[in-house]
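Numbering (this note's numbering), first residue to last: 2 to 199.
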């Protein structure tokens with residue numbers, strides 16, 4: 002029986018989530034499998050991988066063939082490196098302690114790189130958020146200045162209109178009062194003169 006280490010798709014449409022399984026090469030992709038050894042979620046940044054290291058290593062040693070994607074995942078997790086180092090120990094190239102030291106050094110370097118990538122992503126996200134906030138503050142300030150300027154213009158126009166209306170009203174009142182007084186006074190003496198002439 003040819004066994005394969007491959008991905009089994011789960012998750013909803015447009016949001017895939019995968020199980021890493023050991024299956025017969027003749028079985029369908031999402032069908033019957035022998036053992037589940039981990040999971041892979043590509044939707045996070047960086048991708049989330051959980052794996053049962055010992056079981057994946059065991060299946061590689063007994064001849065299970067990984068697909069291209071699972072080979073990359075196993076390589077990233079160090080399973081293939083561990084298999085390679087154990088092969089060197091079996092051939093007598095170096096001792097088991099040396100193999101363990103090499104693997105631990107690789108693992109520490111890998112974690113350091115992963116943490117650096119996470120920190121870079123977080124720093125970039127914070128910088129983008131700060132830039133958005135500064136842009137929003139600048140836009141709000143510009144809007145506030147524009148509103149204040151419009152209010153000042155409206156107040157100035159209203160003050161001008163009131164200033165023009167006030168003298169015009171005073172002049173109109175004076176004009177209305179003065180002719181009425183003048184017309185009444187000349188008529189009264191003229192009427193008296195006519196009576197006296199008769």
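Positions of the beta carbon are idealized from the N, C-alpha and C atoms, including for glycine.
Everything numeric in this text was worked out from a predicted model, so none of it was measured.
- If the five residues before and after residue 90 are omitted, its C-beta is found closer than 6 Å to the C-beta atoms of 97 and 100, all from its own chain and listed in chain order.
- If you ignore the 5 residues before and after residue 38, its C-beta comes within less than 8 Å of the C-beta of 6, 21, 22, 23, 52, 53, 56, 57 and 60, all in its own chain and listed in chain order.
- Three or more Cβ pairs closer than 8 Å define a contact, and the stretch 70 to 78 meets that threshold against the stretch 3 to 19.
- Rounded to whole angstroms, the Cβ separation of residue 74 and residue 50 is 6 Å, and the two are in contact under 8 Å.
- From the listed residues 151, 41 and 163, the smallest Cα separation to residue 11 is found for 41.
- For the beta strand (DSSP E) assignment, the uninterrupted runs of no fewer than 3 residues enclosed by the stretch 10 to 42 are, from N- to C-terminal side, 16 to 25 and 36 to 42.
- Leaving aside the five residues that flank residue 122 on each side, the residues in its chain whose CB is nearer than 7 Å to its CB run, in chain order, 46.
- Exclusion of the five residues before and after residue 142 leaves no residue of its chain whose Cβ lies closer than 6 Å to its Cβ.
- Judged by DSSP secondary structure, residue 68 falls outside any beta strand (DSSP E); it is assigned neither H nor E.
- Secondary structure of residue 124 (DSSP, three-state): helix.
- Around the Cβ of residue 151, a 10 Å sphere holds fewer than 16 other Cβ atoms; the residue is exposed.
- Pairing residue 79 with residue 111 gives a Cβ-Cβ distance under 8 Å.
- By alpha-carbon distance to residue 64, the top candidate from 109, 84 and 159 is 84.
- Between residue 82 and residue 104, the CB-CB gap stays under 8 Å.
- In this structure residue 44 touches residue 16 by the C-beta definition: roughly 6 Å separates them, less than 8 Å.
- Put simply, the backbone Cα of residue 109 is about 12 Å away from that of residue 117.
- Counting along the chain, the unbroken beta strand (DSSP E) around residue 51 starts and ends at 49 to 52.
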